[in-house]
Amino acid sequence: MTADNPRILLVEDEELNRTLVKAVLARAAIAAVRDAEVLDASSLGAARTQLSSQDVDLVLLDMNLPDGNGLSLASELAAGKVGAGRRKPSVVAVTASVLPQDRAAAIEAGCDGFLDKPYAAADLVAVVAEHLSKR
11 MTADNPRILL VEDEELNRTL VKAVLARAAI AAVRDAEVLD ASSLGAARTQ LSSQDVDLVL
71 LDMNLPDGNG LSLASELAAG KVGAGRRKPS VVAVTASVLP QDRAAAIEAG CDGFLDKPYA
131 AADLVAVVAE HLSKR
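Here the sequence shown is numbered in my numbering, starting from 11 and rising by one per residue.
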């Protein structure tokens, strides 16, 4: 892994889900995805701490976290309130809430994409690759 490799922040409260996502990304056929450094946070507070101390290229953001709704973090990132002075990462909302108003709320909050749970490994890799290609 080099300094040029992308960095992904996975914000997910379920440890098993974090483990699975990391395994899928580590085995991806796309080098940029496979070689990415994956950081994780199990809460909004932990995510804010990570984002204040380092640049990330992509945030995979669960919406339902123990300390609040992921959309609040997306809004803070969009407004430059988190990670001040750092570049804004792409943010993909990851949620089982798939109603049109949920998608609209995620986009309005500043998310750049949306991934429905449950999702296939190939869909996760495709979304990550798409957003990393924009960095």
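C-beta atoms are modelled at their ideal positions from N, C-alpha and C, and glycine is treated no differently. Please read these numbers as outputs of a predicted model, since none were measured by experiment.
Same chain, Cβ closer than 7 Å to residue i, five either side skipped, listed in chain order
i: D23; result: S52, S53, D72, L75 and P76
i: K144; result: S100
Pick from the options that is closest to residue i, judged by C-alpha positions
i: G120; options: L109, N15, V137 and V102; result: V102
i: P153; options: A115, K91 and V108; result: In this structure the chain extends from 11 to 145, so residue 153 is not present and cannot be described.
i: A56; options: Q111, D67, L19 and L68; result: L19
i: E47; options: A130, L70 and F124; result: L70
i: A136; options: V43, D14 and N15; result: V43
i: R96; options: S63, A116, D50 and E25; result: S63
i: G90; options: A116, A115 and L61; result: L61
Check whether residue i and residue j have beta carbons under 8 Å apart
i: L35; j: V138; result: yes
i: G80; j: V21; result: yes
i: V92; j: R58; result: yes
i: L142; j: L68; result: yes
Spatial neighbours of residue i in its chain, beta-carbon cut-off 6 Å, leaving aside the 5 residues before and after
i: D122; result: S100 and V101
i: G78; result: L54
i: A106; result: K127
i: D50; result: L20 and R28
Residue i versus residue j: straight-line alpha-carbon distance, rounded
i: L125; j: A132; result: 12 Å
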